[in-house]
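Engineer: For the sequence shown, the residue numbers in full-length UniProt numbering are 1 to 210.
Could you have a look at this structure, given as structure tokens, before my questions?
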Amino acid sequence: MNNYLSPLQHDALCEIFNISVGRAAAAMSGLVGEEVSLSVPAMRFCRLDELNDRIGWAQWRHVDAVAQHFAGSFDGDALLMFADDDGEEVVRLMLNSLKQPVDVEALTSDALAEVGNVLLTACLSALADIMAEDFDYSLPSLCSGKGVDVLLQRGAEPECQVLFLHIQFLLETKRIEGYLAFLLGVSSLDGLRNGVDRFLGHLGAAVNHG
């Protein structure tokens, strides 16, 4: 990741995502009806064709993902991904919070799309606020498959850069792991760096003013 960001920019981007994921956690708490805390224990940049070795996806049977395209001074695809049965578990918790009988299997796709929409929108809107950015968003779409194939379904090239976050969803009753990926073209890296620098500039101004 040092190839793309300075150490200061890297630390700032970690902080930006901690804030953004915190907003997403609040949104998810409303969906599942219990307290949710989200943490970002790992963040990395790598090429798409390096992910299998870096993340260990080969051990997963399948990946369920909700994808949303965003566009601004930099653009890409944001994907919320769950390995194996974790996505269904989130949906089950969400539907159980409705306090009425529902057909979980019949509603899984729509419910997972709603979970992804709420979390990705919360995260992207927080990024926009923090970076003084203005994003346009597409409607979310569902995709599933084996590991990296899910990302390739978005039309990404193997050499595409991926900003990859490993997120832990800690609920009162469950511990679920998810992954947040941002597919960024090379042309978007400068825009991302500029957004981080705007955050640092505002942070410095606030400190100096204080």
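Using N, Cα and C, we set each Cβ at its ideal position, and we do this for glycine too.
Keep in mind the model is a prediction, meaning the values are calculated, not measured.
1. Is DSSP giving Q59 helix, strand or coil here?
2. In chain order, what residues of the same chain lie with their CB nearer than 7 Å to the CB of L62, ignoring the 5 residues before and after it?
3. To which residues does DSSP link M81 through a beta bridge?
4. Suppose you measure from the CA of G204 to the CA of Q9; what does that come to, to the nearest Å?
5. Please state if the CB of L48 and the CB of L151 are separated by a distance shorter than 9 Å.
6. Taking the DSSP output, what are the residues bridged to Y137?
7. For Q161, which of helix, strand or coil comes out of DSSP?
8. Just how far apart, CA to CA, sit A67 and A113?
9. At what residues does the alpha helix (DSSP H) containing Q153 begin and finish?
10. According to the Cβ coordinates, are G76 and G185 closer than 9 Å?
11. Report the rounded CA-to-CA distance for V196 versus N96, giving the unit in angstroms.
12. With DSSP collapsed to three states, give me the class of G204.
13. What is the residue span of the alpha helix (DSSP H) that E89 lies within?
14. Going by C-alpha to C-alpha distance, which of E15, G201, L163 sits closest to L80?
15. Taking 9 Å as the threshold (C-beta atoms), are P140 and L120 in contact?
Structural biologist: This is what the structure holds:
1. Taking the first residue of the sequence shown as position 1, residue 59 is located at position 59. The three-state reading of DSSP puts Q59 in helix, counting H, G and I together.
2. Taking the sequence shown and counting its residues from 1, the one referred to as residue 62 is at position 62. The displayed chain sequence assigns His, not Leu, to residue 62. Excluding positions up to five away in sequence, the list reads D84, S144, G145, K146.
3. In the sequence shown, residue 81 corresponds to position 81, counting from 1. Answer is A65, Y179, bridged to M81.
4. Here residue 204 corresponds to residue number 204 of the sequence shown, with the count starting at 1. Here residue 9 corresponds to residue number 9 of the sequence shown, with the count starting at 1. So the alpha carbons of these two residues sit roughly 13 Å apart.
5. Start at 1 with the first residue of the sequence shown, and residue 151 comes out as number 151. Start at 1 with the first residue of the sequence shown, and residue 48 comes out as number 48. Going by C-beta atoms, L151 is nearer than 9 Å to L48.
6. Looking up residue 137 in the sequence shown gives position 137. According to DSSP, residue pairing for Y137 in a beta bridge involves F70.
7. Here the question's residue 161 lines up with position 161 in the sequence shown. In the three-state reduction of the DSSP assignment, Q161 falls in the strand class, which pools E and B.
8. If you number the sequence shown from 1, residue 67 lands on position 67. If you number the sequence shown from 1, residue 113 lands on position 113. If you take the alpha carbons of A67 and A113, they lie about 9 Å apart.
9. Translated into positions along the sequence shown, residue 153 becomes position 153. Where Q153 is concerned, there is no enclosing alpha helix (DSSP H), given that its DSSP letter is neither H nor E.
10. The residue given as residue 76 occupies position 76 in the sequence shown. The residue given as residue 185 occupies position 185 in the sequence shown. Yes.
11. The residue given as residue 196 occupies position 196 in the sequence shown. The residue given as residue 96 occupies position 96 in the sequence shown. Taking the straight line from one Cα to the other gives about 39 Å.
12. The sequence position of residue 204 within the sequence shown is 204, counting from 1. In this structure, DSSP gives G204 a helical state, which the three-state scheme calls helix.
13. Taking the first residue of the sequence shown as 1, we reach residue 89 at position 89. Unbroken alpha helix (DSSP H) run through E89: 86-96.
14. Translated into positions along the sequence shown, residue 80 becomes position 80. Comparing alpha-carbon positions, the option among E15, G201, L163 lying closest to L80 turns out to be L163.
15. Start at 1 with the first residue of the sequence shown, and residue 120 comes out as number 120. Start at 1 with the first residue of the sequence shown, and residue 140 comes out as number 140. Cβ distance < 9 Å, so L120 and P140 count as in contact.
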